[in-house]
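Residue numbers (this note's numbering): 55 to 333.
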């Protein structure tokens with residue numbers, strides 16, 4: 055089978071947002087995890103900014119050097135023929151033009167989708183006009199490259215505003231989501247929204263593909279599908295699970311002089327060799 059072009063992968067990713075069924079996205083943090091997820095039969099793969107940064111030895115929050123991040127994302131994209139949507143956090147740039155240039159970098163390494171967030175340092179929301187301009191700039195970069203990447207605009211209202219009840223933040227989140235869609239976003243991501251009733255109200259109000267992040271308190275995928283959610287992603291969850299398993303085994307080795315091997319891991323050497331050989 056011929057390798058699909060980037061344009062074909064981007065169009066395939068967009069088609070997976072038709073809301074007929076929930077798109078399930080595992081978030082890879084390196085080329086190896088991408089190959090494992092691809093080998094499990096997923097239709098597409100996302101990345102996690104935190105997981106990628108950690109794999110490079112840096113904290114999350116645009117604190118990993120952009121050149122290192124882009125190179126790592128390129129390796130993830132090259133590990134699979136599936137569409138890969140990558141997390142660019144806030145865009146790694148102070149201006150919309152800088153965001154556009156960085157989106158073009160990701161297109162050049164094969165990204166079929168890009169996630170952009172409107173929060174700053176997980177502490178405050180970017181001014182709406184600035185956030186809209188950054189989405190519009192990303193869409194221009196996509197158009198100029200001739201690749202219809204899927205733009206997923208993250209709405210951080212429920213992440214940075216921790217005071218009012220979820221329903222009381224709905225109006226502000228819907229306003230932002232609609233503005234991002236008008237600026238060229240294909241999907242909106244109300245991160246940290248877990249309440250089923252508010253998720254349903256948000257989906258109905260924006261009437262566009264909505265991404266929900268899997269976290270404690272979020273309804274199961276079947277319920278999210280009934281609410282009209284287009285896609286779910288795992289964010290940092292799989293990376294933290296992997297690091298936690300390694301951390302706990304290493305701590306046992308340090309403290310007790312042993313690694314607990316009574317319970318063999320579900321994947322062994324031969325299994326991982328097969329995943330890495332599939333391409």
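All residues carry an ideal CB built from backbone N, CA and C; glycine is no exception.
Considering only C-alpha positions, which residue in the set the options is nearest to residue i?
i           : options               : result
residue 261 : 247, 137, 228 and 184 : 228
residue 295 : 62, 144, 192 and 105  : 105
residue 162 : 178, 236, 200 and 152 : 200
residue 238 : 92, 138 and 188       : 188
residue 203 : 213, 211 and 190      : 190
residue 182 : 230, 327 and 155      : 230
residue 264 : 63, 192, 71 and 64    : 71
residue 212 : 179, 60 and 119       : 179
residue 75  : 283, 266 and 111      : 283
residue 138 : 119, 68 and 147       : 68
residue 110 : 267, 98, 123 and 101  : 123
residue 147 : 56, 185 and 304       : 185
residue 280 : 60, 58, 61 and 73     : 73
residue 240 : 232, 177 and 247      : 232
residue 208 : 266, 193, 221 and 152 : 266
residue 220 : 108, 249, 299 and 330 : 249
residue 62  : 195, 89, 303 and 166  : 166
residue 222 : 331, 243 and 247      : 247
residue 60  : 210, 128, 91 and 257  : 128
residue 332 : 234, 90 and 154       : 90
residue 156 : 64, 278, 120 and 130  : 120
Specify, as a first and last residue, the run of the alpha helix (DSSP H) that residue i falls within.
i           : result
residue 150 : 150–162
residue 60  : 60–69
residue 281 : Segment: none, residue 281 is in no alpha helix (DSSP H) and carries neither H nor E.
residue 211 : 211–214
Could you spell out where the beta strand (DSSP E) holding residue i opens and where it closes?
i           : result
residue 234 : No beta strand (DSSP E) holds residue 234; the alpha helix (DSSP H) holding it covers 224–237.
residue 261 : From DSSP, residue 261 is part of no beta strand (DSSP E); its letter is neither H nor E.
residue 287 : 285–287
residue 141 : 138–141
residue 201 : Premise fails: residue 201 is in no beta strand (DSSP E) and is neither H nor E.
residue 242 : 241–244
residue 247 : Premise fails: residue 247 is in no beta strand (DSSP E) and is neither H nor E.
residue 167 : 167–171
Would you call residue i buried or exposed, if buried means 16 or more other Cβ atoms sit within 10 Å of its Cβ?
i           : result
residue 313 : exposed
residue 103 : buried
residue 307 : exposed
residue 87  : buried
residue 159 : buried
residue 225 : exposed
residue 197 : exposed
residue 328 : exposed
residue 150 : buried
residue 301 : exposed
residue 337 : Outside the modelled stretch of the chain, which goes from 55 to 333, sits residue 337, for which no answer is possible.
residue 98  : buried
residue 95  : exposed
residue 309 : exposed
residue 101 : buried
residue 244 : buried
residue 299 : exposed
residue 193 : buried
residue 143 : buried
residue 92  : buried
residue 304 : exposed
* To do: Decide yes or no for the touch test of the region 112–128 against the region 311–330: beta carbon pairs closer than 8 Å, at least 3 of them.
  => As far as the Cβ criterion goes, the region 112–128 does not touch the region 311–330, which means the pair count is below three.
* So does the region 76–84 actually touch the region 281–290, counting three or more Cβ pairs closer than 8 Å? -> Remark: three or more beta-carbon pairs, one from each stretch, lie closer than 8 Å, so the region 76–84 and the region 281–290 are flagged as touching.
* How do the region 126–134 and the region 170–179 stand: do at least 3 beta-carbon pairs fall below 8 Å, yes or no? -> no
* To do: Count the C-beta pairs between the region 270–288 and the region 251–261 that are closer than 8 Å, then say yes if the count reaches three, no if not.
  => yes
* **Runs of alpha helix (DSSP H) wholly within the region 290–332 (minimum 4 residues, chain order)** => Those alpha helix (DSSP H) runs which fall completely within the region 290–332 and span 4+ residues are 291–310 and 323–332.
* Could you tell me which uninterrupted alpha helix (DSSP H) segments, each at least 4 residues in length, are contained entirely in the region 76–122, listed from first to last along the chain? => 85–93 and 103–109
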